[in-house]
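Structure first, commentary second.
The following block contains the structure:
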């Protein structure tokens, strides 16, 4: 986020480069930077004649260069945005000549999603010298909850750690997908209301009581009754609670519990750092480690691997999700 803030700040202060090559697996920041350039570099009156959006599916690199070499009309600059440029991956190196000598009155924005340039290629070095190369990387799962908190804080909203983690558990790590849900929340709640699991259940539809996050917690506490209720809910709502996701979440969880057992320093700060979790949740891992000795945890991890294969139809083609979930609880407890 710091790199994005600096990039935006430079543009805001008039330090606009002739080329912005935005690449990487996470599309959220590519879209945000591109949108910011489209909205701010030119005035509303200038955009009509001097701003153009092209699509990688519909153009060639020669088309892009031809448009980039045009002179602006009644303005100091023109903006050319190429979206879905990853479709030009086979010929993108043909942009090297232009990147070596870009038109100073053009701001060329290349949105190269889900891929990136080879650092050894001449194009990479040419863009790096004359413009901006930005790589938007996927966040690790343990970083996303903190990202949610910071994004909401930037808009004046607050969220509890449990609510942020619940969003990650349900929506995954796609920042664009999460941001869409956050934008919906901002429409229906005011800034003085802290976002809680109850808020999420009411406005997004994620159950605050029956989800993988609560299942992890119930298992860690050896609360068999609560775990059974959640599993029963999953069995009745299989489309919203895929077995493969539940197994993956629990496998990650018990791997972290195993890591906890192997630590010499069990201070909250060290546990949070090594396990890659918010310090708020460290107590849950301490509880789980007390309830599940290291040998038992190792056995559970092995059993979860087998269940993962069964969930994918390997060696158990006719097992229902309900049966798989029941077996999961038996193996764990």
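In my numbering, the protein residues as written are 646 to 978.
Even glycine gets a Cβ: it sits at the ideal position worked out from N, Cα and C.
With respect to the C-alpha of residue 650, the residue from 977, 779, 787 having the closest C-alpha is 779. Proximity to residue 894 across 880, 927, 946 peaks at 946, based on C-alpha coordinates.
Ranked by how close their Cα comes to the Cα of residue 920, the residues 755, 903, 681 have 903 in first place. Residue 705 sits in coil when the DSSP states are folded into three classes, being neither helix nor strand. In the DSSP assignment, residue 779 is bridged to 667. Cβ-Cβ distances below 6 angstroms link residue 754 to 665, 679, 682, 726 in the same chain, with the five nearest sequence neighbours on each side left out; the list follows chain order. Annotation: the continuous alpha helix (DSSP H) that includes residue 939 extends over 939-956. Around the CB of residue 870, fewer than 16 other CB atoms lie within 10 Å, so the residue is classed as exposed.
Under the Cβ criterion (8 angstroms, minimum of three pairs), the segment 682-699 does not count as touching the segment 795-813.
The distance from the Cβ of residue 768 to that of residue 740 is about 6 angstroms, consistent with a contact at the 8 angstroms cut-off. Of the other Cβ atoms in all chains shown, fewer than 16 fall within 10 Å of the Cβ of residue 838; this residue is therefore exposed. If you look at residue 893, you'll find it isn't in any beta strand (DSSP E); it sits in the alpha helix (DSSP H) that goes 888-906. Just measuring C-alpha positions, the residue of 843, 667, 782 sitting nearest residue 819 is 782. Boundaries for residue 649: no beta strand (DSSP E) harbours it, while the alpha helix (DSSP H) harbouring it runs 647-657, taken from the DSSP string. Taken in chain order, the whole beta strand (DSSP E) runs of length 3 or more contained in the segment 751-797 are 751-758, 777-780.
Residues of the same chain with a CB within less than 8 angstroms of the CB of residue 831, apart from the 5 flanking positions on each side, are 800, 802 in chain order. A Cβ-Cβ distance of about 7 angstroms is found for the pair residue 721 and residue 750, placing them in contact under the 8 angstroms criterion. Residue 876 is a Cβ neighbour of residue 974, given a cutoff of 8 angstroms.
In this structure, residue 736 sits away from residue 685, with a CB-CB distance that is not shorter than 8 angstroms. Exclusion of the five residues before and after residue 874 leaves 855 as the residues of its chain whose Cβ lies within less than 8 angstroms of its Cβ. The closest CA to that of residue 823, considering only 793, 836, 967, is found on 793. Excluding the 5 residues flanking it on each side, residue 805 has same chain C-beta neighbours closer than 6 angstroms at 841, in chain order. Annotation for residue 728: the continuous beta strand (DSSP E) segment containing it runs 723-728. In the three-state scheme derived from DSSP, where H, G and I count as helix and E and B as strand, residue 851 is classed as coil. Of 886, 927, 716, the smallest CA-CA separation from residue 910 is found for 927. Judged by DSSP secondary structure, residue 698 falls within the beta strand (DSSP E) whose first and last residues are 696-700.
If you look at residue 973, you'll find it in the alpha helix (DSSP H) that goes 966-977. Here residue 888 is buried. Its C-beta has 16 or more other C-beta atoms within 10 Å.
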